[in-house]
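Chemist: Read left to right, the sequence shown gives residues -21 to -1, 1 to 321 (mature numbering (1 follows the signal peptide of the UniProt record, and there is no 0)).
I have a structure here, written as structure tokens, and I will follow up with some questions on it.
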Amino acid sequence: MTSLRLMLSSLTLLGSVAMFGQGARNIVISEAMTSNTQSIEDEFGHREAWVELANTSYSTYNVRGMYLTTNPKVLDESLSAPQRISMMSVIPNGDDRTNLAARHYMMLFCNSNPAQGKLHLSLPVDSTGPVFLALYNANGVELIDSVTIPVLGADESYARIDGHWTVCGVGDATPGHDNKVQANAAKGKIEEFKDKDPHGFAMAIMAMGIVFLCLSLLWIFFTVFGMIMRHMDTAKKVVNQQPIKPITKTVAKTAEIGHKTSNLLQEGFDKKGIDMEVYMAVIGMALRQYEDDVHDVESGIITIKPKDTGWDDEYTQMTQLHDPFLPSTPKAPIIPTTPELH
């Protein structure tokens, strides 16, 4: 029973160590700047060289107790752990920012005094030449990550982008943020589109959409333009047609009398001291004369003229009943018959 407990305890301890080691492997050096003149400032407004660590896992990991060094002598395998640690700068405990959340970043200031803050390290960084930078686990023996930073200009950074190290120009550094954000911003529009659409499907769909949109706009334009032109042609035809002549002379005559009446009234108002009744009488006589003569000048008028006959003219015309004879009374009452149409 005791042996079984010892075995389970050993397996648990080994699993914990393996998990701890695997968690430390997810901490990497993400970006570094050796000459800081315009980049981020510390709590005291000072600009110092800095190193960015990133947690690439999807779980939280505390980086306290891990070591950073710029001395390549630590790679000597003959050195003991205390000898290596003496050439390193430890990430101190006591700051919540060392508890690095998943997919998050942490900034560490170099060439600084640890008394200024938990994230200030005495790690020496030379801005005049290449810099070897290594990250060691808390045991001081296990190398987690390392990189050799080339000579950088002022405010240039050395960043890991998609697993490859790249020199970022002035203003392109991304301390505390994903390096891809600034890298994509630094790229041209064409390169960025190539990265997002490597097979060209989006480009093809976009091109087809633009073509169909242009065709639709052209169809709408020419349809509206054709309707406008047809309406303009119709309006021109109506305008160019001859005005309809009066069907009868009555309309023309009435218009003429109206025009003359208007002139007479206007002249009458203009001529002071002349009685308007004279003008009204003249207008009335003209209208009366026109009404008396209107049937003599208009066509299409049916005029009914009565024909007077005697009261017994109808009987005298019935010759099938008797012999024709003249009325005995010449002054018999006159009975109108059906009028004749002329």
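C-beta atoms are modelled at their ideal positions from N, C-alpha and C, and glycine is treated no differently.
If you're wondering where the values come from, they're calculated on a predicted model, not measured in any experiment.
From D157, Q268, T127, pick the residue whose C-alpha is nearest to that of P51; which is it?
Modeler: Position 72 of the sequence shown, counted from the start, is the residue given in the question as residue 51. Nearest of D157, Q268, T127 to P51, Cα basis: T127.
Chemist: Within a Cβ cutoff of 7 Å, which residues of the same chain sit near A117, ignoring the five residues on either side of it in sequence?
Modeler: In the sequence shown, residue 117 corresponds to position 138, counting from 1. Cβ neighbours of A117 beyond the five flanking positions: G44, M45.
Chemist: Let me confirm a value: R82 is counted as buried when at least 16 other C-beta atoms fall within 10 Å, else exposed. Which label applies?
Modeler: The sequence position of residue 82 within the sequence shown is 103, counting from 1. Answer is exposed; the Cβ neighbour count stays below 16.
Chemist: To test your reading of the DSSP string, which unbroken beta strand (DSSP E) runs of 3 or more residues are found completely within the stretch 15 to 63?
Modeler: Whole beta strand (DSSP E) segments, 3+ residues: 29 to 34, 46 to 48.
Chemist: Three-state secondary structure (DSSP) at V126?
Modeler: Within the sequence shown, numbered from 1, the residue matching residue 126 stands at position 147. Of the three classes helix, strand and coil, the one that applies to V126 here is strand, per DSSP.
Chemist: Helix, strand or coil, according to DSSP, for H143 in the structure here?
Modeler: What you label residue 143 is simply residue 164 of the sequence shown in a count that begins at 1. H143 falls in the strand class under three-state DSSP.
Chemist: By how many angstroms is the C-alpha of S18 removed from the C-alpha of C89?
Modeler: Against the sequence shown, residue 89 aligns to sequence position 110. Against the sequence shown, residue 18 aligns to sequence position 39. The alpha-carbon atoms of C89 and S18 are separated by roughly 14 Å.
Chemist: Going by other Cβ atoms of all chains shown within 10 Å of its Cβ, with 16 needed for buried, is V70 buried or exposed?
Modeler: In the sequence shown, the residue the question calls residue 70 occupies position 91. The residue you asked about is not Val; residue 70 is Ile in the sequence shown. I70 comes out buried.
Chemist: The beta strand (DSSP E) with M67 in it runs from where to where?
Modeler: For the purposes of this step, residue 67 is identified with residue 88 of the sequence shown, where counting begins at 1. Premise fails: M67 is in no beta strand (DSSP E) and is neither H nor E.
Chemist: Find the nearest neighbour of G150 within the set E135, D141, A234, M86, judged by alpha-carbon distance.
Modeler: As a working note, residue 150 is residue 171 in the sequence shown. Nearest of E135, D141, A234, M86 to G150, Cα basis: E135.
Chemist: Starting from S106, trace the beta strand (DSSP E) both ways and give me its first and last residue.
Modeler: As a first step, residue 106 is located in the sequence shown; it is residue number 127 there, counting from the start. Careful: S106 lies outside any beta strand (DSSP E) and carries neither H nor E.
Chemist: Short of 7 Å in beta carbon distance, which residues of its chain neighbour A60, apart from the five on each side in sequence? Order them along the chain.
Modeler: For the purposes of this step, residue 60 is taken as residue 81 along the sequence shown, with counting starting at 1. Here the set comprises N118, G119, V120.
Chemist: Give the range of the beta strand (DSSP E) segment to which A11 is assigned.
Modeler: Looking up residue 11 in the sequence shown gives position 32. Taken as a continuous stretch (DSSP letters only), the beta strand (DSSP E) holding A11 covers 6 to 12.
Chemist: Counting only the same chain and skipping the five closest in sequence on each side, list residues whose C-beta sits under 6 Å from that of D21.
Modeler: On the sequence shown, position 42 is the one that residue 21 refers to. Around D21: F88.
Chemist: What residue range is occupied by the uninterrupted beta strand (DSSP E) comprising L87?
Modeler: Your numbering for residue 87 matches position 108 in the sequence shown. Note, L87: beta strand (DSSP E), 84 to 88.
Chemist: Consult DSSP for K97 and reduce its assignment to one of helix, strand or coil.
Modeler: The residue you call residue 97 lines up with position 118 of the sequence shown. Coil, per DSSP.
Chemist: With 16 as the cutoff for other CB atoms within 10 Å, does E235 come out buried or exposed?
Modeler: Indexing the sequence shown from 1 puts residue 235 at position 256. Exposed is the call here.
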